[in-house]
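Novice: For the sequence shown, position 132 (counting from the first letter as 1) is numbered 320 according to the working numbering, and the numbering increases by one without interruption.
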Amino acid sequence: MAALSPKPGPEPLKSDDERERGRPGARVEAGSVEARRVEAERVEAERVEAGRDAGVGPSARVEEEAPDRPTELPARSWWAALRGTVREFQQDDLADRAAALTYYGVLALFPALLVLVSLLGIAGESATREILDNLRQLAPGSARDVITDAVEQVRSNGSGVGSLLAVVGLALAVWSASGYIAAFIRASNAVYDMPEGRPVWKVLPLRLILTVVLMVLACASALIVVFTGGLARQAGTALGIGDGALTVWSVAKWPVLLLLVTIMIGLLYWAAPNAKGGGFRWVTPGSFLALLIWMIASAGFAFYVANFASYNKTYGTLAGVIIFLVWLWITNLAVLLGLEFDSELARQRAIAGGSPPDEEPYVAPRDTRSWTDEERRRMK
Numbered sequence: 189m190a191a192l193s194p195k196p197g198p199e200p201l202k203s204d205d206e207r208e209r210g211r212p213g214a215r216v217e218a219g220s221v222e223a224r225r226v227e228a229e230r231v232e233a234e235r236v237e238a239g240r241d242a243g244v245g246p247s248a249r250v251e252e253e254a255p256d257r258p259t260e261l262p263a264r265s266w267w268a269a270l271r272g273t274v275r276e277f278q279q280d281d282l283a284d285r286a287a288a289l290t291y292y293g294v295l296a297l298f299p300a301l302l303v304l305v306s307l308l309g310i311a312g313e314s315a316t317r318e319i320l321d322n323l324r325q326l327a328p329g330s331a332r333d334v335i336t337d338a339v340e341q342v343r344s345n346g347s348g349v350g351s352l353l354a355v356v357g358l359a360l361a362v363w364s365a366s367g368y369i370a371a372f373i374r375a376s377n378a379v380y381d382m383p384e385g386r387p388v389w390k391v392l393p394l395r396l397i398l399t400v401v402l403m404v405l406a407c408a409s410a411l412i413v414v415f416t417g418g419l420a421r422q423a424g425t426a427l428g429i430g431d432g433a434l435t436v437w438s439v440a441k442w443p444v445l446l447l448l449v450t451i452m453i454g455l456l457y458w459a460a461p462n463a464k465g466g467g468f469r470w471v472t473p474g475s476f477l478a479l480l481i482w483m484i485a486s487a488g489f490a491f492y493v494a495n496f497a498s499y500n501k502t503y504g505t506l507a508g509v510i511i512f513l514v515w516l517w518i519t520n521l522a523v524l525l526g527l528e529f530d531s532e533l534a535r536q537r538a539i540a541g542g543s544p545p546d547e548e549p550y551v552a553p554r555d556t557r558s559w560t561d562e563e564r565r566r567m568k
């Protein structure tokens, strides 16, 4: 009779985790969980890399419910934006920031005049004279002497080296004016209460490209101003345009010039801040307001200087320089005030979409890669 095989003993008890791991398909599920975790980490890394931190800026529901255009906002939102502009203008210390912009503006102005005069010299002596005549009309008091003397100095020093002067002056002007753009970028981020999140390799090219574009538009503005009188008649004769069309142009060029300047301001408002503003608009309410305030303030300051001020007694031979600096400061105040108004309209747009009135940021950042941990926590 065959020997009986020993009876197998009872299986050792297994824990719940061991039984779960031994269940068919459990290893596949564990692998799926790990794959989902890796995928979530990858998506989060891409989100941070692209500067779209979760929870920063208005929610998707607010963006969907908010008006697409400022003109769709109700009247009460516009009044609230005006009140907010005055309040935030003081809280953001924009008077001090306008003074910083004035400093960088002075550094950028004279190299820019160097290029402008060199380029306009191609159009002849009459073009430069037209520029000087219009500068005398626009600048208040002794400030016109500061500008016109600088232009005359550039003209006298640039004789015979026009092309070289233009190249050297262009390089100097672009670099110097980019300092103004950098200061404006910092001021615009303060207006939107948004830290700068764009890395330096994005900000520096932006500064230079924006500087070049604005200088090209400034040259176009100057050409619009000088394209009158004898120069316009010569062009009209060459193109077969009658005197009637030239008469119309002599009047229409000023609205065209104002529109071009408004576009330049709007370009600054769109490109400078680290905030998404819903795309570029040729004319914004803030740029229009800035131009209007600048025209009124310049006229008022010129009247004050001509009738009441005692700059000559106080500053003597420096009076013209002081008046010029004050005028530049007023100009930058107007530009920053318009930017503040656009930012407050963006706040009202978010509120109209359902965002709480005190919630910040009220616009989404363009980039967050350069944010510090403290800035990231504050913005969330």
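From the three backbone atoms N, C-alpha and C, an ideal C-beta is built for every residue, glycine too. A quick note: this is a predicted structure, and the numbers were derived from the prediction, not measured.
Can you name the start and end residues of the alpha helix (DSSP H) that E251 belongs to?
Specialist: As a first step, residue 251 is located in the sequence shown; it is residue number 63 there, counting from the start. From DSSP, the alpha helix (DSSP H) with E251 extends over A248 to E253.
Novice: Using the Cβ count rule (16 or more neighbours within 10 Å means buried), how would you classify I373?
Specialist: As a position in the sequence shown, residue 373 is number 185, starting the count at 1. Buried is the call here.
Novice: Tell me which same chain residues have a C-beta within less than 7 Å of the C-beta of G454, skipping the five on either side of it?
Specialist: The residue labelled residue 454 in the question sits at position 266 within the sequence shown. Result list for G454: R469, W470, V471, T472 and S475, in chain order.
Novice: Tell me which same chain residues have a C-beta within less than 6 Å of the C-beta of R554, skipping the five on either side of it?
Specialist: What you label residue 554 is simply residue 366 of the sequence shown in a count that begins at 1. Cβ neighbours of R554 beyond the five flanking positions: N462 and K464.
Novice: Is P258 helix, strand or coil when you go by DSSP?
Specialist: Taking the first residue of the sequence shown as 1, we reach residue 258 at position 70. Three-state result, P258: helix.
Novice: For the pair the segment 524 to 542 and the segment 244 to 258, tell me if three or more CB-CB distances fall below 8 Å.
Specialist: Touching, per the Cβ criterion.
Novice: Express the C-alpha separation of R565 and M161 in angstroms, rounding to a whole number.
Specialist: In the structure displayed, the chain extends from 189 to 568; residue 161 sits before or after that span and is not available.
Novice: Please classify N495: is it buried, with 16 or more other beta-carbons within 10 angstroms of its beta-carbon, or exposed?
Specialist: Walking along the sequence shown from the start, residue 495 turns up at place 307. N495 comes out exposed.
Novice: Pick from A410, A378, V413 and I369: whose alpha carbon is nearest that of L396?
Specialist: In the sequence shown, residue 396 corresponds to position 208, counting from 1. Answer by Cα proximity: I369.
Novice: Would you list the residues sitting across from A463 in a DSSP beta bridge?
Specialist: Numbered from 1 along the sequence shown, position 275 holds the residue referred to as residue 463. Beta-bridge pairing links A463 to P553.
Novice: What span of residues does the alpha helix (DSSP H) with M382 cover, start to end?
Specialist: Reading the sequence shown from its first residue, position 194 is the one you call residue 382. Element bounds for M382: n/a, residue is neither H nor E.
Novice: Locate the alpha helix (DSSP H) running through L524, then write down its first and last residues.
Specialist: Reading the sequence shown from its first residue, position 336 is the one you call residue 524. Counting along the chain, the alpha helix (DSSP H) containing L524 begins and ends at A507 to A540.
Novice: Using the Cα positions of Y291 and L282, report the straight-line distance between them to the nearest angstrom.
Specialist: Counted from its first residue, the sequence shown places residue 291 at position 103. Counted from its first residue, the sequence shown places residue 282 at position 94. Going from the Cα of Y291 to the Cα of L282 covers about 14 Å.
Novice: Would you please state the rounded distance, in angstroms, between the beta carbons of P258 and A552? I believe it to be under 8 Å.
Specialist: In the sequence shown, residue 258 corresponds to position 70, counting from 1. In the sequence shown, residue 552 corresponds to position 364, counting from 1. Not a contact, Cβ separation roughly 17 Å.
Novice: Comparing alpha-carbon positions, which option in E384, F489, E562 and Y380 lies nearest F277?
Specialist: Taking the sequence shown and counting its residues from 1, the one referred to as residue 277 is at position 89. With distances taken between Cα atoms, F277 lies closest to Y380.
Novice: Run the CB neighbour count on Y457, radius 10 Å, all protein chains shown included, and call it buried at 16 or more, exposed below.
Specialist: Sequence index remark: in the sequence shown, residue 457 carries index 269 (1-based). By the neighbour-count rule (16 or more Cβ atoms within 10 Å), Y457 is buried.
Novice: Can you tell me which of L524, A365, V274 and C407 puts its alpha carbon nearest to the alpha carbon of T399?
Specialist: By one-based count along the sequence shown, residue 399 stands at place 211. The candidate whose alpha carbon is nearest that of T399 is A365.
Novice: Which same chain residues, not among the five before or five after P545, have their C-beta less than 7 Å away from its C-beta?
Specialist: Walking along the sequence shown from the start, residue 545 turns up at place 357. Only I539 meet the Cβ criterion.
Novice: So A296 packs on G367, CB below 8 Å; how close in whole Å?
Specialist: Mapped onto the sequence shown, residue 296 falls at position 108. Mapped onto the sequence shown, residue 367 falls at position 179. The pair is a contact, with the Cβ atoms about 7 Å apart (cut-off 8 Å).
Novice: So, under 8 Å CB-CB, I412 and V444 are touching, yes? Tell me the CB distance rounded to an integer number of Å.
Specialist: Numbered from its first residue, the sequence shown carries residue 412 at position 224. Numbered from its first residue, the sequence shown carries residue 444 at position 256. That pair is a contact at about 6 Å.
Novice: Mind checking P549: buried by the 16 CB within 10 Å criterion, or exposed?
Specialist: Stepping through the sequence shown from its first residue, residue 549 is reached at position 361. Classification of P549: buried, given that the 10 Å Cβ count is 16 or more.
Novice: Please report the distance separating the alpha-carbon of G511 from that of Y499.
Specialist: Locating residue 511 in the sequence shown gives position 323, counting from the first residue. Locating residue 499 in the sequence shown gives position 311, counting from the first residue. A small fix is needed here, since residue 511 is Ile in this sequence, not Gly. If you take the alpha carbons of I511 and Y499, they lie about 8 Å apart.
Novice: Output the boundary residues of the alpha helix (DSSP H) element that contains D561.
Specialist: On the sequence shown, residue 561 is found 373 positions in, with the first residue counted as 1. First-last of the alpha helix (DSSP H) with D561: D561 to M567.
Novice: Can you round the beta-carbon distance between M452 and V244 to whole angstroms, since I take them to be within the 8 Å contact cut?
Specialist: Taking the first residue of the sequence shown as 1, we reach residue 452 at position 264. Taking the first residue of the sequence shown as 1, we reach residue 244 at position 56. Wrong, their Cβ atoms sit about 30 Å apart, outside the cutoff.
Novice: Are R285 and L524 touching if we call contact CB-CB under 8 Å?
Specialist: Here residue 285 corresponds to residue number 97 of the sequence shown, with the count starting at 1. Here residue 524 corresponds to residue number 336 of the sequence shown, with the count starting at 1. Going by C-beta atoms, R285 is nearer than 8 Å to L524.
Novice: Sort A361, V388 and V436 by Cα distance to A406 and report the nearest one.
Specialist: Mapped onto the sequence shown, residue 406 falls at position 218. Nearest of A361, V388 and V436 to A406, Cα basis: A361.
Novice: What's the C-alpha gap between A497 and A490?
Specialist: What you label residue 497 is simply residue 309 of the sequence shown in a count that begins at 1. What you label residue 490 is simply residue 302 of the sequence shown in a count that begins at 1. Distance between the alpha carbons of A497 and A490: 10 Å.
Novice: For G467 and A254, what's the separation of their Cα atoms in angstroms?
Specialist: Position 279 of the sequence shown holds residue 467. Position 66 of the sequence shown holds residue 254. Between G467 and A254, the C-alpha separation is close to 15 Å.
Novice: Whose CA, out of L521, S558 and E547, lies closest to the CA of S376?
Specialist: Position 188 of the sequence shown holds residue 376. Considering only alpha carbons, the answer is L521.
Novice: If you run the structure through DSSP and keep just helix, strand and coil, what is E276?
Specialist: For the purposes of this step, residue 276 is identified with residue 88 of the sequence shown, where counting begins at 1. Residue state, collapsed to three classes: helix.
Novice: How many Å lie between V236 and W389 at the Cα?
Specialist: Numbered from its first residue, the sequence shown carries residue 236 at position 48. Numbered from its first residue, the sequence shown carries residue 389 at position 201. Only weak support is given to the placement of V236: the predicted model assigns it a pLDDT of 49, under 50, and the value that follows is read from those uncertain coordinates. Computed Cα separation, rounded: 17 Å.
Novice: So, with DSSP's three-state summary, where would you put T435?
Specialist: Along the sequence shown, read from residue 1 onward, the residue named residue 435 stands at position 247. If DSSP states are grouped into helix, strand and coil, T435 belongs with the helices.
Novice: By a C-beta neighbour count over all protein chains shown, 10 Å radius and 16 as the cutoff for buried, is P387 buried or exposed?
Specialist: For the purposes of this step, residue 387 is identified with residue 199 of the sequence shown, where counting begins at 1. Exposed, by the Cβ-count rule.
Novice: I need the boundaries of the alpha helix (DSSP H) containing F489, first residue and last residue.
Specialist: The sequence position of residue 489 within the sequence shown is 301, counting from 1. Note, F489: alpha helix (DSSP H), P473 to N495.
Novice: Mapping DSSP to helix, strand and coil, what is F468?
Specialist: Taking the first residue of the sequence shown as position 1, residue 468 is located at position 280. DSSP places F468 in coil when its eight states are reduced to three.
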